[in-house]
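A short worksheet on the structure shown next.
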Amino acid sequence: MQVVVFTLGSEKFALETRIVHGIEKMMTITRVPTAPYYIKGLANLRGSIISVINLKSYLNMDNINEEDNIIIIELGEEKVGIMVDNVHEVVDISHDMIERVNDASSYIKGVINFQDSVVTLLEGEMLLEQ
Numbered sequence: 001m002q003v004v005v006f007t008l009g010s011e012k013f014a015l016e017t018r019i020v021h022g023i024e025k026m027m028t029i030t031r032v033p034t035a036p037y038y039i040k041g042l043a044n045l046r047g048s049i050i051s052v053i054n055l056k057s058y059l060n061m062d063n064i065n066e067e068d069n070i071i072i073i074e075l076g077e078e079k080v081g082i083m084v085d086n087v088h089e090v091v092d093i094s095h096d097m098i099e100r101v102n103d104a105s106s107y108i109k110g111v112i113n114f115q116d117s118v119v120t121l122l123e124g125e126m127l128l129e130q
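Counting from 1, position 96 in the sequence shown corresponds to residue 96 in full-length UniProt numbering; the numbering is continuous, with no gaps.
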């Protein structure tokens, strides 16, 4: 499987490329007053309106504004933007590289020991269901 590796603060995360529609530079985001705390707002992606999630808020991380990129994920007919600090690379991993985490939230698929660092593999489908 292929994954996109990105950072939020000093931590590395990954999403499977099968759900990644694209990677965009930060764009204009319009706030929605009644949206949940982790929804940054709405953005216009080539004529389509998408919700943009502040992943740091969603994961209860310190929210120092360094987000430079938005990873667009597509699940079924829905596209959602996820704000990230940096996108590093696309890498091939095998399923046996994924270590399951006890006590993990449903949106964490596991962790990967990769290039001398630990990368948290997120379950994109579960991110949107929370």
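Beta carbons: idealized from backbone N, C-alpha and C, even for Gly.
Host alpha helix (DSSP H) of residue i (start-end)
i	result
L55	L55 to Y58
Contact belief for residue i with residue j at Cβ below 8 Å, rounded distance in angstroms
i	j	result
I53	A43	With a Cβ gap of about 11 Å, I53 and A43 do not count as contacting.
I73	E24	Rounded, the Cβ-Cβ distance is 12 Å, inconsistent with contact.
Buried/exposed call for residue i, threshold 16 Cβ in 10 Å
i	result
G124	buried
I70	buried
V4	buried
I64	exposed
V32	exposed
V111	buried
V20	buried
CA-to-CA distance, residue j to residue i, given in whole angstroms
i	j	result
D62	T28	22 Å
M97	L8	22 Å
N102	H88	27 Å
N86	E66	9 Å
A35	G41	8 Å
M26	V90	20 Å
T30	K12	27 Å
S1	S94	In the sequence as displayed, the identity of residue 1 is Met instead of Ser. Straight-line Cα distance between these residues: approximately 6 Å.
S48	L55	21 Å
L75	G22	13 Å
L15	R100	15 Å
Q115	Y58	26 Å
V118	S10	11 Å
Limits of the unbroken beta strand (DSSP E) element including residue i
i	result
A35	Note, A35: premise wrong, no beta strand (DSSP E); not H, not E.
Q2	Q2 to L8
T28	Taken as a continuous stretch (DSSP letters only), T28 belongs to no beta strand (DSSP E), as it is neither H nor E.
Touch test, the stretch 109-128 against the stretch 73-85, Cβ-Cβ under 8 Å, three pairs minimum: yes
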